[in-house]
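Peer 1: If you count by our numbering, then the sequence shown holds residues 270 to 466, one letter each, in order. We treat Cβ as the ideally placed atom computed from N, Cα and C, and that holds for glycine. Computed from a prediction, not measured in an experiment: that's the story for all the values here.
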Amino acid sequence: MKRLRWIILAIMAAILAGAGLAALLHQPARLPSLDSGAEAPLDADGRPRMRGLTYTHVEQGARKWSLKANGARYEEDTGKVYLTEVHIEFYRSDGNTIKLRGDQGVYNQKTQVVTLQGHVDGRTADGNRLLTDWITYREKDKVAETDAEVTVQGSQYKVQGKGMLVLVEKNKVILKSKVRSTFIPQGTGPPPGATKD
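1. Looking only at its chain, what residues have a beta carbon closer than 8 Å to the beta carbon of residue 416, apart from the 5 residues adjacent to it on each side?
2. Assuming residue 419 contacts residue 401 under a Cβ cut-off of 8 Å, what Cβ separation, rounded to an integer in Å, is found between them?
3. Report the three-state DSSP secondary structure of residue 438 (helix, strand or coil).
4. What would DSSP say about residue 404, mapped onto helix, strand or coil?
5. Just checking, does the stretch 358–368 make contact with the stretch 376–386 on the three C-beta pairs under 8 Å criterion?
6. If you run the structure through DSSP and keep just helix, strand and coil, what is residue 280?
7. For residue 339, which of 333, 332 and 353 has the nearest alpha-carbon?
8. Expressed to the nearest angstrom, what Euclidean distance is found between the alpha-carbon atoms of residue 306 and residue 345?
9. What's the call for residue 376, buried or exposed, on a 16-neighbour Cβ count within 10 Å?
10. Beta strand (DSSP E) containing residue 417: first to last residue?
11. Leaving out five residues on either side along the sequence, give the residues of the same chain with a beta carbon under 6 Å from the beta carbon of residue 324.
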């Protein structure tokens, strides 16, 4: 019986010695404390704002769109996030993306509405481009809309107008008024069926 006690004590001593030795030889990793040099910047109203923000909207396990901004300020009472230097990327079901950027933006978390303002520039994977002063995207009905001047252009066309409605799920763009367009034909010579006079 005494021999069993000594064996158990020896095993426990070996375990404790091993644990102590392991703790000495393998110090736990220490995370560096990052000093940004200053506290979070404050808005004119004294509220802090964030430096950098990334948000990805996911439905049924699939990414629908992501939003990135260099600066952000959140208003808890309204659920709005005020953004600076905004980039939004929409993920289409065909694997392509649509990228939008703007100087400023507002994202309403409650209604899932995003508005971009200032030098709004959108680009598709196939080279089409959208230019306007502001645009609003409503996730609920998957519609983008503006009443500002709009330019939509590709390699062989340029369409301008005042106001635009984009029905995302139908892949349809509607220019509201004052539409002007330029189309560049492919090839040389007159179009098929035209006569040379």
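Peer 2: If we stick to the structure as given:
1. 431, 432 and 445
2. 5 Å
3. helix
4. strand
5. no
6. helix
7. Cα-wise, what sits closest to residue 339 is 353.
8. In this prediction, residue 306 has a pLDDT of 48, which is less than 50 and means its spatial position is unreliable; nothing more can be read from the coordinates.
9. The residue is buried, with at least 16 neighbouring Cβ atoms inside 10 Å.
10. Unbroken beta strand (DSSP E) run through residue 417: 412–423.
11. So the list reads 336, once near-sequence residues are dropped.
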